[in-house]
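Working notes, structure below.
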């Protein structure tokens with residue numbers, strides 16, 4: 786999804802906003818909870834899994850933020866995606 790949103794020719798419209806937001810919410814990509822089985826794993830493995838899902842959730846939230854704020858310029862998208 787990031788690749789699509791970051792494409793210089795990508796334009797936000799009502800359909801794209803709804804489509805990407807629906808994908809993120811329906812897939813629970815915006816929730817950082819560890820979705821992998823943690824039983825029998827070392828703490829470091831569980832922490833690694835958590836960091837993995839946390840990273841995905843943060844990136845998904847940035848996409849939702851961009852969608853809701855209607856950023857169309859590449860600079861505005863880059864500022865939001867990379868915290869510039």
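Residue numbers (our numbering): 786 to 869.
The C-beta atom is built at its ideal place from N, Cα and C for all residues, glycine as well.
Predicted model only: the values in this text are computed from it and were never measured.
If you count every other CB in all the chains shown that lies within 10 Å of the CB of residue 809, and 16 or more means buried, which is it?
-> Your numbering for residue 809 matches position 24 in the chain shown. Classification for residue 809: buried.
Identify whether residue 795 lies in helix, strand or coil by the three-state DSSP scheme.
-> Translated into positions along the chain shown, residue 795 becomes position 10. DSSP places residue 795 in coil when its eight states are reduced to three.
Just curious, the alpha helix (DSSP H) that residue 836 is in, first and last residue?
-> Counting from one through the chain shown, the residue named residue 836 turns up at place 51. Run containing residue 836: 828 to 854, per the alpha helix (DSSP H) assignment.
Would you say residue 842 and residue 819 are within 7 angstroms of each other, going by their C-beta atoms?
-> Locating residue 842 in the chain shown gives position 57, counting from the first residue. Locating residue 819 in the chain shown gives position 34, counting from the first residue. Contact flag unset, no.
Beta-carbon proximity check, residue 845 vs residue 806, cutoff 7 angstroms = Working through the chain shown from its first residue, we reach residue 845 at position 60. Working through the chain shown from its first residue, we reach residue 806 at position 21. Against a cut-off of 7 angstroms, the Cβ pair of residue 806 and residue 845 comes out as no contact.
Roughly how many angstroms separate the alpha carbons of residue 847 and residue 840, rounded to a whole number?
-> For this step, residue 847 is matched to residue 62 along the chain shown. For this step, residue 840 is matched to residue 55 along the chain shown. One C-alpha to the other measures close to 11 angstroms.
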